[in-house]
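> There's a structure below that I have some questions on.
Numbering (the working numbering), first residue to last: 240 to 908.
Below you can see the structure in the form of structure tokens.
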């Protein structure tokens, strides 16, 4: 125990050092006026700060692994009986621990600027390091002085309170790190945007170097959001995957901003246009990331995803948000009018379609922002409680995104500067016809409650298939594919740049997601019924029969569950789901565990509630049985999108921010 005390104190000292090095990093750049000499020492400070906070974070994880209950954070969120994975993930399962994770990623990204930014103009790199140092000092200072994850107890309890059972899940163990790698990754884009505004110079080289950072953050955000949606789907037991919860929206808004930023940066890199808009989106994306951190910790939102903390810390986070974002946008307001205009392009061109797509994504972002913040403002200003649910988002966000998605295949086949619209339409006509035909066939199997529902379903299928087949046409264009020379075209596959493959995977993944969301949203069936042993219930063509009960001990819980039998329309047994009710003695909580029957694309989803004894003395359980068609595509599509981001990052031209000469293909990224 004495040795452990010293280790924990070392962690706190390292956190203090990280704060000091972040201040030093910013101070050296300011004192050296962002140019050589004294300012160069900021690079060493960034590396030292990253090492310091990595040690502090490692010591916190070690305290969780060792169940050191002299640390307040460990005593409140861990238990000796917890599995090792959840002991480790408990390190970021609280407000304090998650803030240390945020700060660790922030300082490591700052060190990566030093290590990977040697090809940049020195003044731009050093100014970005200075901004990153200010961000690090703000967040590390907040963590150290108001949310210290290594704070100690005078007397350590014999046992901890354990982690919330709902958070003891593999998907949620990796969800926060992935999400924070995306959130905080946008800080690098923010820092380079501020640095460029200070210098008053934005050019193609800036866009080439910033785009990989935005792509990296976007890829992590995509994975993080998908893991969160999957966790909500099979852990919370309500049968859905996205509820437009304000905290869900808090992660979705920076993703939308990053998506717009990526496409805007492409235009800036290729045509030296949209400079002001690109730097604005760079500031906006990280602002929404900080807003997400504020919303889940301020106490303004009540959600299963949010941290319950005192309002004082929420006020401090709000101050950081206002000072950081306010300073960035104030500088933008001063400098933007002085920036030189970019290159010109024709009305019919890839630039125009990307600009239009950007505007549509931004409008969709505004609709989500309004739906998220409006209830909070009404509560604060008029003490009026209200909620904004799925109908609002489907009515406002949905139509905007439909138009944006329809533009995607058109944009990828457009030429830069000036395009032949008639030629693009001719090349895409067959793909659109196939998409409409596939959607029409698919709609034959759906009979909605209203004509509007059927129309929505048909349009959704058209959009999904259009994204897939239209993107496939883009690949054919890149390969110069012709039926009479198919083998020759296939031989060109190795020559397709990784960035082009990344774009193709991302757009096809988006189409796969759209198909899954449309089919699952319209054809989903469910039933909730009290069931005793031997009872049966039907949903669609499937029949669920309650066969038996069982009990089993777990690592840190006791479970009681039911054994069910699912038959299809022909009476064949296709699976035996075993949902559970788990009791966690450490926290005195009960958690339902969903059972899933995996079909090729569909899920059969069973969850049990608490048992009840009826008037006749027979015990029964409330059972919810869902048929979720094509739900697998909802989670597979974003993984394809993230894979597209990774493939693009592996492209040497994009990774190093340089243009290399090589064999040109019809489609360029």
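Every residue, glycine too, gets a C-beta built ideally from N, C-alpha and C.
1) Buried or exposed: where does residue 366 fall if 16 or more other Cβ atoms within 10 Å of its Cβ makes it buried?
2) Go through its chain and collect everything with a Cβ distance to residue 547's Cβ below 6 Å, but skip five positions before and after it.
3) Taking only three categories from DSSP, how would you classify residue 860?
4) According to DSSP, simplified to helix, strand and coil, what is residue 586?
5) Using only the alpha-carbon positions, how far apart do residue 431 and residue 632 sit?
6) Could you compute how far the alpha carbon of residue 874 sits from the alpha carbon of residue 742?
7) If you draw a straight line from the C-alpha of residue 519 to the C-alpha of residue 347, how long is it?
8) When the Cα atoms are used, what is the spatial distance from residue 878 to residue 771?
9) What do you get for residue 388, buried or exposed, if any count of 16 or more other CB atoms within 10 angstroms of its CB means buried?
10) To the nearest angstrom, how far is the alpha carbon of residue 863 from that of residue 768?
11) Give the secondary structure of residue 356 by DSSP, where H, G and I count as helix, E and B as strand, and everything else as coil.
12) Whole angstroms is fine: what's the gap from residue 890's alpha carbon to residue 736's?
13) Helix, strand or coil: which one does DSSP assign to residue 578?
14) With DSSP collapsed to three states, give me the class of residue 685.
15) Helix, strand or coil for residue 799? Go by DSSP, reduced to three states.
16) Roughly how many whole angstroms lie between the Cα atoms of residue 315 and residue 391?
17) I believe residue 438 touches residue 363 by the beta-carbon criterion, under 8 Å. Please report the beta-carbon distance rounded to the nearest angstrom.
18) Residue 376 and residue 261 - do their beta-carbons sit closer together than 7 Å?
19) What do you get for residue 811, buried or exposed, if any count of 16 or more other CB atoms within 10 angstroms of its CB means buried?
20) Using a Cβ-Cβ distance cut-off of 7 Å, determine whether residue 746 contacts chain C.
21) Give the straight-line distance between the Cα atoms of residue 574 and residue 281, rounded to the nearest whole angstrom.
22) According to DSSP, what are the bridge partners of residue 819?
23) Is the number of C-beta pairs between the region 683 to 695 and the region 708 to 722 that are closer than 8 Å three or more?
24) Less than 6 Å between C-beta atoms, sequence neighbours within five positions excluded: which residues of the same chain meet that for residue 240?
25) Quick check on the DSSP output: the alpha helix (DSSP H) that includes residue 699 runs from which residue to which?
26) Using beta-carbon positions only, say whether residue 802 and residue 786 come within less than 7 Å of one another.
27) Excluding the 5 residues flanking residue 608 on each side, which residues of the same chain have their C-beta closer than 7 Å to its C-beta?
28) Straight-line CA distance for residue 287 to residue 257?
29) For residue 713 and residue 744, what's the separation of their Cα atoms in angstroms?
30) For residue 245, does the count of other Cβ atoms within 10 angstroms reach 16, so buried, or fall short, so exposed?
31) Here's a check: name, in chain order, each residue in its chain whose Cβ is nearer than 7 Å to the Cβ of residue 552, leaving out the five neighbours to either side.
32) Would you report the Cα separation of residue 265 and residue 398, rounded to the nearest angstrom?
33) I'd like the list of long-range same chain contacts for residue 654, defined as Cβ closer than 8 Å, with 5 residues on each side in sequence excluded.
34) List the endpoints of the continuous alpha helix (DSSP H) containing residue 726.
35) State the beta-bridge partners of residue 391 as determined by DSSP.
36) Identify whether residue 849 lies in helix, strand or coil by the three-state DSSP scheme.
On the basis of the data shown:
1) Residue 366 is buried by the Cβ-count criterion.
2) The predicted position of residue 547 is uncertain, since its pLDDT is 49 and thus under 50; a value taken from the coordinates is nonetheless stated next. Residues of the same chain with their beta carbon placed closer than 6 Å to that of residue 547 are lacking, with the five preceding and five following residues left out of the count.
3) Correct three-state label for residue 860: strand.
4) Residue 586 falls in the coil class under three-state DSSP.
5) In a straight line, the C-alpha of residue 431 is about 33 Å away from that of residue 632.
6) Going by the C-alpha atoms only, they are around 18 Å apart.
7) Those two C-alpha atoms are separated by around 24 Å.
8) The straight-line gap from Cα to Cα measures roughly 40 Å.
9) Answer is buried; the Cβ neighbour count reaches 16.
10) Rounded to whole angstroms, residue 863 to residue 768 spans 7 Å at the Cα level.
11) Residue 356 falls in the coil class under three-state DSSP.
12) Cα to Cα, the separation comes out at about 7 Å.
13) Coil.
14) Look at residue 685 here: in three-state DSSP terms it is coil, with no helix or strand label.
15) Strand, per DSSP.
16) Note on geometry: alpha-carbon atoms of residue 315 and residue 391 lie some 12 Å from one another.
17) Confirmed, Cβ separation roughly 6 Å.
18) Note that the C-beta distance between residue 261 and residue 376 is below 7 Å.
19) By the 10 Å Cβ count, residue 811 comes out exposed.
20) Reference to chain C is not applicable here, since this structure consists of a single protein chain.
21) In this structure, the CA atom of residue 574 is about 25 Å from the CA atom of residue 281.
22) Bridge partners of residue 819: 800, 832.
23) Between the region 683 to 695 and the region 708 to 722, the count of Cβ pairs shorter than 8 Å is below three; the stretches do not touch.
24) The predicted model places residue 240 with a pLDDT of 47, which falls under 50 and marks its position as unreliable, so this point remains unresolved.
25) Residue 699 -> alpha helix (DSSP H) spans 690 to 718.
26) The answer is yes: Cβ separation under 7 Å.
27) Around residue 608, the same chain offers 492 as residues with beta carbons nearer than 7 Å, after the five sequence neighbours per side are excluded.
28) Between the alpha carbons of residue 287 and residue 257 lies a distance of about 8 Å.
29) Taking the Cα positions, residue 713 is about 11 Å away from residue 744.
30) Residue 245 comes out exposed.
31) Closer than 7 Å at the Cβ level, and outside the excluded window around residue 552, lie 385, 386, 536.
32) In this structure, the straight-line span from the alpha carbon of residue 265 to that of residue 398 is close to 42 Å.
33) Taking C-beta separations shorter than 8 Å and ignoring five residues to either side along the sequence, the partners of residue 654 in its chain run 588, 589, following chain order.
34) Bounds of the alpha helix (DSSP H) holding residue 726 are 725 to 729.
35) According to DSSP, which records beta bridges pairwise, residue 391 is partnered with 310.
36) In the three-state reduction of the DSSP assignment, residue 849 falls in the strand class.
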